[in-house]
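Chains as they are written, first to last, in my numbering: chain A, 1157 to 1453; chain B, 1157 to 1453.
By construction, the Cβ of each residue, glycine as well, lies at the ideal position given by its N, Cα and C atoms.
Number of protein chains: 2
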Amino acid sequence: MEIIFLGTSSAVPTLERNHPSIALRAFAEVMLFDCGEGTQRQLIEAKISPMKITKIFISHFHGDHILGLGGLIQSLGFRGREKDLDIYGPKGLHKIINAISSFGYFQINYNLNIHEIQDGTVIETEDYVVECAKVEHNIPSYAYSIREKKKPLFLREKAEELGIPPGPLYGKLHNGEEVEFEGRIIKPEQVLGEAKKGKKISYSGDTRPCEAMIRLARDSDILIHESTYEAEDYQRAVDNAHSTSVEAAEIAREANVNELVLTHISTRYTSDKNIKSEAQKVFKNTKVARDYMKIDL
Amino acid sequence: MEIIFLGTSSAVPTLERNHPSIALRAFAEVMLFDCGEGTQRQLIEAKISPMKITKIFISHFHGDHILGLGGLIQSLGFRGREKDLDIYGPKGLHKIINAISSFGYFQINYNLNIHEIQDGTVIETEDYVVECAKVEHNIPSYAYSIREKKKPLFLREKAEELGIPPGPLYGKLHNGEEVEFEGRIIKPEQVLGEAKKGKKISYSGDTRPCEAMIRLARDSDILIHESTYEAEDYQRAVDNAHSTSVEAAEIAREANVNELVLTHISTRYTSDKNIKSEAQKVFKNTKVARDYMKIDL
């Protein structure tokens, strides 16, 4: 799995930080979390083909998180995409996509599948689960987590002891299904070891610190949390429904995550030094995201 | 007057060239011609405050020319703009701006004045005239010209010979008005010299070479013309309703302009060397625009 930060600013971009967007390369897919203006160009710089994007998860409908959708959707059409694109976001996503569709003349030859989300499981595949939780912003806003599903170890010697011959029955058992063999019911737990814990990544979108975020982020390997403000600008954070660096660090500590990555940095700071150091006092394993930063896990 | 190229690519951006947009600093205003995705960030790099933009002229409604409008309009709201913003474009501009208005949650405290244009004069002030002409693209598309209005020289000695005292009458005469003085009618031509020719700039938007473009660009100091393709890709230019470098140069020659600047370069070329050299064989005073290139005139 690889996380690539495409944009790490807040509402206004700077020369160093573009509007919010995060790419995740995992499970033979490329997924985007948010899609601010200019994301299609950031993808070029990050050497990620937009044609490989399978899913886009939108946290909320503030312009800095969605204004790159139109360009990306049109560009994919221009490049001849035929594969479906799935877009997930809060209630109102259909209206947003309709607005994009009436924005100028263009044609796409692929399907846009629009999914309006609610608290809970957003999508579950064989390989991973994406969940979301409504967080606390000044408009409806969701945080996302994605958790890798690891199959438990298949204990071949146990299967052999039970006399089951190698073949399709092994696969079924490994997938957690009961099988019948020579009149006997074999349960998967008879041949499966412990499941390894899969990797988990959480992303806050825009939010005040909240219980829902802690629950969603619980035990994440990486928590990507907005940190629009330094601690001394706490009142601004409250007024604008954002978090300070210290508040983000407190969430990381409460949720028992392994690593905290701060993003969505306000243009009011010329350096992210304070943001980082004050967060690290609360939660040591903290870094501040920069555009094109990559994290392997 | 200063022209600043903010984006010089065609439909797909590259690391070097963003989507089309041209800024003009003149007459104590900043005007934009087209506004592709990411224009607000290009403005930062070019050190032009978006708050100073007074007018935006849109050539046509292909995404690469308009997808930066939403971000710019929202950003100006975010920055607290109160001054009106005038936007000009083909029929359908109201619909485009409505789509932007329903795109997510935001609030602006300034007026957007929407002007749907037709062939002819778009706006005339004391200082300049903007005209447009419908050109030949695969959707309705307009080229623009802006011409500085120069007042003729006021010949003070002639006014004195006629016995007119210095004061408000001089201003009226200089502005082309007749005045009455001691029972005599004084006509402006009695005290005015020849008018100096004002600067003229023309911009093609997207088009096949056409007579309307030649007429609009006639005697321009600078013609900014699209040159999506090299001459050998002539058939692509025809198929996609664009121009080749040589065709743009022929327009420049026919229109008797002083300088040709080629823009809207396709991503298929890694260098603009051919585009430039083949155009220069037809029209010597040609350059190829690059992002952030400035021209003073």
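Using the DSSP secondary-structure output, state which residues sit across from residue i in a beta bridge.
i, result
"Asn1430/A", "DSSP, once it has assigned bridges, lists no residue as partnering Asn1430/A."
"Gly1163/A", "Ser1177/A"
"Ala1289/B", "Ala1299/B"
"Pro1308/B", "Ala1351/B"
"Asn1269/A", "Asp1242/A"
"Lys1208/B", "Its beta-bridge partners do not exist; DSSP assigns none."
"Thr1419/A", "Glu1382/A"
"Leu1188/A", "Ala1179/A and Ile1212/A"
"Lys1356/B", "Arg1303/B"
"Ile1279/A", "Val1286/A"
"Lys1450/B", "Ile1160/B"
"Arg1340/B", "Phe1337/B"
"Val1444/B", "Leu1418/B"
"Thr1400/A", "Tyr1385/A"
"Arg1364/A", "Glu1292/A"
Using the beta-carbon count (16 or more within 10 Å), is residue i buried or exposed?
i, result
"Leu1241/A", "buried"
"Ile1378/A", "buried"
"Lys1356/B", "buried"
"Tyr1261/B", "exposed"
"Thr1400/A", "buried"
"Ile1155/B", "Absent from the model: residue 1155/B. The displayed extent of chain B is 1157 to 1453, so no value can be given."
"Asp1220/B", "buried"
"Lys1305/A", "exposed"
"Pro1322/B", "exposed"
"Leu1372/B", "buried"
"Thr1363/B", "buried"
"Asp1395/B", "exposed"
"Asp1428/A", "buried"
"Thr1277/A", "exposed"
"Ile1154/A", "Because chain A is modelled from 1157 through 1453, residue 1154/A falls outside the range shown and cannot be assessed."
"Glu1403/A", "buried"
"Asp1190/B", "buried"
"Arg1446/B", "exposed"
"Ser1301/A", "buried"
"Ala1319/A", "A small fix is needed here, since residue 1319/A is Gly in this sequence, not Ala. Per the 10 Å Cβ criterion, exposed."
"Arg1235/B", "exposed"
"Pro1365/B", "buried"
"Pro1324/B", "exposed"
"Arg1173/B", "buried"
"Glu1297/A", "Note that residue 1297/A corresponds to Ser in the displayed sequence, not to Glu. Ser1297/A should be labelled buried."
"Gln1263/B", "exposed"
"Ser1258/A", "exposed"
"Glu1388/A", "exposed"
So residue i and residue j are supposed to be a Cβ contact under 8 Å. How far apart are they, rounded?
i, j, result
"Ser1166/B", "Ile1421/B", "6 Å"
"Gly1224/A", "Gln1196/A", "6 Å"
"Leu1126/B", "Met1157/B", "Residue 1126/B lies beyond the residue range present for chain B, which begins at 1157 and ends at 1453; the question has no answer from this structure."
"Ile1229/A", "Thr1170/B", "About 19 Å; that fails the 8 Å criterion."
"Ala1411/A", "Ile1370/A", "5 Å"
"Ile1252/B", "Ile1279/B", "Actually they do not touch by this definition, with Cβ atoms about 19 Å apart."
"Val1413/A", "Ile1431/A", "Rounded, the Cβ-Cβ distance is 18 Å, inconsistent with contact."
"Leu1180/A", "Ile1159/A", "6 Å"
Would residue i and residue j be called neighbours here (beta carbons separated by less than 9 Å)?
i, j, result
"Ala1397/A", "Gln1436/A", "no"
"Ala1299/B", "Ser1358/B", "yes"
"Gly1226/B", "Gly1192/B", "no"
"Leu1249/B", "Glu1282/B", "no"
"Glu1465/A", "Pro1308/A", "The displayed coordinates of chain A run from 1157 to 1453. Any statement about residue 1465/A would go beyond what the structure contains."
"Ile1295/B", "His1175/B", "no"
"Arg1392/A", "Gly1354/A", "no"
"Val1291/B", "Ser1205/B", "no"
"Tyr1425/A", "Glu1386/A", "yes"
"Glu1336/A", "Pro1344/A", "no"
"Thr1423/B", "Val1168/B", "yes"
"Thr1210/B", "Glu1238/B", "no"
"Ile1243/A", "Ile1214/A", "yes"
"Phe1310/A", "Tyr1326/A", "yes"
"His1330/A", "His1216/A", "no"
"Ala1202/A", "Tyr1390/A", "no"
Is the closest heavy atom of the ligand GDP to the C-beta of residue i under 8 Å?
i, result
"Cys1366/A", "No copy of the ligand GDP occurs in the structure displayed, which carries no ligand at all."
Interface positions of the stretch 1165-1187 of chain A facing chain B (Cβ-Cβ less than 9 Å), listed along the chain: Ala1167, Val1168, Pro1169, Thr1170, Leu1171, Asn1174 and His1175
Contacting positions in the stretch 1248-1276 of chain A - beta carbon closer than 8 Å to chain B: Lys1251, Ile1252, Ala1255, Ile1256, Ser1258, Phe1259, Gly1260, Tyr1261 and Phe1262
Members of the stretch 1227-1242 of chain A near chain B, C-beta cut-off 7 Å: Among the residues of the stretch 1227-1242 of chain A, those with a Cβ less than 7 Å away from any Cβ of chain B are Gly1227, Gln1230, Ser1231 and Phe1234, in the order of the chain.
Proximal residues, the stretch 1191-1203 of chain A versus chain C, C-beta separation under 8 Å: In the displayed structure, chain C is absent; the protein chains listed are A and B.
Short-range partners of chain A found in the stretch 1274-1297 of chain B, where Cβ spacing is below 7 Å: So the close ones are Ile1295.
Near-chain B residues of the stretch 1208-1222 of chain A (beta-carbon distance less than 9 Å), N- to C-terminal order: Per Cβ criterion, the list reads His1216, Phe1217, His1218, Gly1219, Asp1220, His1221 and Ile1222.
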